[in-house]
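Read through the structure below, which is laid out as structure tokens, and then see the notes.
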Amino acid sequence: MPYKPNPVAKKYNTATPPKPKDPNKRVFESYGNAAALFVQMGAYRGGPRTFAVVGLASKPIHVYGKPWFKCEWISNNGSSYRAKAYKMLPDWGYGRVYTVVVVNCTFPFNPNQDNNGGKLMVNAYYGESQRKYEKFMALEESSGSYNESKFNPPYQYEYLYCGSSLYGNLSADRIREWMAYHAWFFGPSSHFVFHDAGGVSPEVMAVLEPWVKAGRVTVQDIRDQADYDGYYYNQFLVVNDCLHRYRYAANWTFFFDVDEYIYLPNGNTLESVLNEFSGYTQFTIQQNPMSSMPCLTGSSQEYSRQWGFEKLLFRESRTKIRRDRKYAIQAKNAFATGVHMSENIVGKSLHKTETKIHYYHYHNTITQHQELCREYLPSTAVKQVTWFNKLPYVYDNNMKKLANTIKLFELQTIGKQPEPH
Numbered sequence: 075m076p077y078k079p080n081p082v083a084k085k086y087n088t089a090t091p092p093k094p095k096d097p098n099k100r101v102f103e104s105y106g107n108a109a110a111l112f113v114q115m116g117a118y119r120g121g122p123r124t125f126a127v128v129g130l131a132s133k134p135i136h137v138y139g140k141p142w143f144k145c146e147w148i149s150n151n152g153s154s155y156r157a158k159a160y161k162m163l164p165d166w167g168y169g170r171v172y173t174v175v176v177v178n179c180t181f182p183f184n185p186n187q188d189n190n191g192g193k194l195m196v197n198a199y200y201g202e203s204q205r206k207y208e209k210f211m212a213l214e215e216s217s218g219s220y221n222e223s224k225f226n227p228p229y230q231y232e233y234l235y236c237g238s239s240l241y242g243n244l245s246a247d248r249i250r251e252w253m254a255y256h257a258w259f260f261g262p263s264s265h266f267v268f269h270d271a272g273g274v275s276p277e278v279m280a281v282l283e284p285w286v287k288a289g290r291v292t293v294q295d296i297r298d299q300a301d302y303d304g305y306y307y308n309q310f311l312v313v314n315d316c317l318h319r320y321r322y323a324a325n326w327t328f329f330f331d332v333d334e335y336i337y338l339p340n341g342n343t344l345e346s347v348l349n350e351f352s353g354y355t356q357f358t359i360q361q362n363p364m365s366s367m368p369c370l371t372g373s374s375q376e377y378s379r380q381w382g383f384e385k386l387l388f389r390e391s392r393t394k395i396r397r398d399r400k401y402a403i404q405a406k407n408a409f410a411t412g413v414h415m416s417e418n419i420v421g422k423s424l425h426k427t428e429t430k431i432h433y434y435h436y437h438n439t440i441t442q443h444q445e446l447c448r449e450y451l452p453s454t455a456v457k458q459v460t461w462f463n464k465l466p467y468v469y470d471n472n473m474k475k476l477a478n479t480i481k482l483f484e485l486q487t488i489g490k491q492p493e494p495h
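First residue of the sequence shown? That's 75 in our numbering, and the numbers climb one at a time after it.
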């Protein structure tokens, strides 16, 4: 084998300042940079007069300092306009080395009203002083590209799904089931955006690819986010980028995870529920936690051919405890967002929604590659509360009733798929 030298680490040389003549004059010598002042993920128009720049920033600077931003539009016709920016930190203090920053630039009028194109420039200041800052081009519009009609309905989709960072050793079977169910649930006028932080293996991509080809799914590669130490694979960054990237793509944007299934009880339809909620900017959705292990006593061979939500039928039934909620939002009325809800909206929020919509949460199933049924409960568990691992469970087969419908829908929409492993 030919010799291949190991790659050499990149070396950065920092000039050493001259030593002071006074021995009592102390010098503080710095080497390198611990965190960037700003790391841009995306920049988007938020309307005729507004723009959003989404990124990460050094958390200590924003917690202990007073950094700020300024925006400038430099038109291709030679004119320029300035606007002071408003910053939002939407990660609820969970950031680590980096925190999420959404910079809103609002001008008194459309700076590209002649549609000649131009550039949005941003000054990111290190502190209160105007002398020390970094200047970068956040966004560029080419001549003739501005189209105001995209900010008004009808939008491209009725519903958009913004997924958090996908990471870890995900089960392709579970992703297949989730995708088929929600493509059916949201209907043909919907789109799904996934963010691959290392979790979209070739096997997972194989089950998503038919939906990509059908125009129902977009998979974004965000693996480089690992270079920036933020909260939980930078999921706050990801959901904010998705919010603004697709702000005018749909009437409603949904935020929940790939081990969670939205469900409509009592014969409700999605259209009727959202018509009822149309006066609200966002609504949160109650969780129904499902057990990830016990199944009803039966043939293990039969279970191996069933989908996850088809055989996990026991819902944890404790009441009066706080559980995480997920949410949907009219994105055009939001300036920033979070994982469980937005705190930066115009309009009202609705939380009492459990009789209209809720979600089933199959925790600890999404990375399980073995048979899910590892414990079995007797048939009597169907009609009574059953204690398992010191928690009460009740039988809930609402999702199971839909299994055949979902499988037929998948077959008719993208064709025959491989059997579960």
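Note that beta-carbon positions come from the ideal geometry of N, C-alpha and C, so glycine has one too.
Taking the alpha helix (DSSP H) that residue i falls in, what are its first and last residues?
i	result
C447	It is not in any alpha helix (DSSP H) - C447 carries neither H nor E in the DSSP assignment.
F483	A477 to I488
K394	Looking at the DSSP string, K394 is not in any alpha helix (DSSP H), and its letter there is neither H nor E.
K385	G382 to K385
Go ahead and pull the three-state DSSP assignment for residue i.
i	result
F71	No information on residue 71 is available, as it lies outside the stretch 75 to 495 that the chain covers here.
M253	helix
W166	coil
M279	helix
Y377	helix
D298	helix
F310	helix
W461	strand
P227	coil
K140	coil
P98	A small correction: the amino acid at residue 98 is Asn; Pro does not occupy that position in the sequence shown. N98: coil per DSSP, three-state reduction.
R319	helix
V413	coil
N197	strand
I148	strand
P92	coil
A117	strand
R156	strand
P222	Per the sequence shown, the amino acid found at residue 222 is Glu instead of Pro. E222 falls in the helix class under three-state DSSP.
T441	coil
N107	coil
K406	helix
V496	Shown here, the chain extends from 75 to 495; a query on residue 496 therefore has no answer.
V468	strand
C236	strand
V293	strand
Y77	Any reading at Y77 must be qualified, since the residue scores a pLDDT of 49, below 50, and its modelled position is unreliable; the value itself is stated next. Residue state, collapsed to three classes: coil.
With a cut-off of 8 Å on the beta carbons, I'd call residue i and residue j a contact; round off their distance for me.
i	j	result
V413	S238	7 Å
R399	T358	4 Å
Y155	P185	5 Å
D315	G116	5 Å
S290	A324	Reading off the sequence, residue 290 comes out as Arg, not Ser. Not confirmed; about 13 Å, so no contact.
G120	H318	7 Å
F383	E251	6 Å
A507	F181	Since the first and last residues shown for the chain are 75 and 495, residue 507 lies out of range.
Within the continuous beta strand (DSSP E) that includes residue i, where are the two ends?
i	result
S132	T124 to S132
H435	H432 to H435
T180	Y172 to T180
L370	P368 to L370
K209	Y207 to E215
F268	S264 to D270
Taking only beta-carbon atoms, is residue i less than 8 Å away from chain C?
i	result
I403	Going by chain labels, chain C is absent from the structure shown, which holds only one protein chain.
Quiz prompt | the segment 293-305 contacting the segment 267-278, beta-carbon criterion three pairs below 8 Å | solution = yes
Quiz item: Is there contact here, the segment 363-372 with the segment 443-454, by at least three beta-carbon pairs under 8 Å?
Solution: Inter-segment contact for the segment 363-372 and the segment 443-454 is present: three or more beta-carbon pairs are separated by less than 8 Å.
Practice problem: Mind listing, in chain order, the continuous beta strand (DSSP E) runs of no fewer than 3 residues lying wholly within the segment 329-366? | Solution: 334-337 and 356-363
Quiz item: Per the contact definition of three or more C-beta pairs closer than 8 Å, is the segment 157-171 in contact with the segment 213-227?
Solution: With a cut-off of 8 Å, the segment 157-171 and the segment 213-227 do not count as touching, because too few Cβ pairs lie within range.
Practice problem: Specify whether the segment 432-446 and the segment 402-421 touch according to this definition: at least 3 beta carbon pairs, one from each stretch, less than 8 Å apart. | Solution: no
Self-check item: the segment 128-137 contacting the segment 99-115, beta-carbon criterion three pairs below 8 Å
Solution: As far as the Cβ criterion goes, the segment 128-137 touches the segment 99-115, which means the pair count is three or higher.
Quiz item: With a cut-off of 8 Å, do at least 3 Cβ pairs link the segment 385-394 to the segment 282-289?
Solution: Too few Cβ pairs lie closer than 8 Å, so no.
Quiz item: Contact between the segment 196-204 and the segment 329-340: three or more CB pairs below 8 Å?
Solution: Fewer than three Cβ pairs drawn from the segment 196-204 and the segment 329-340 lie within less than 8 Å of each other, which leaves the two stretches out of contact.
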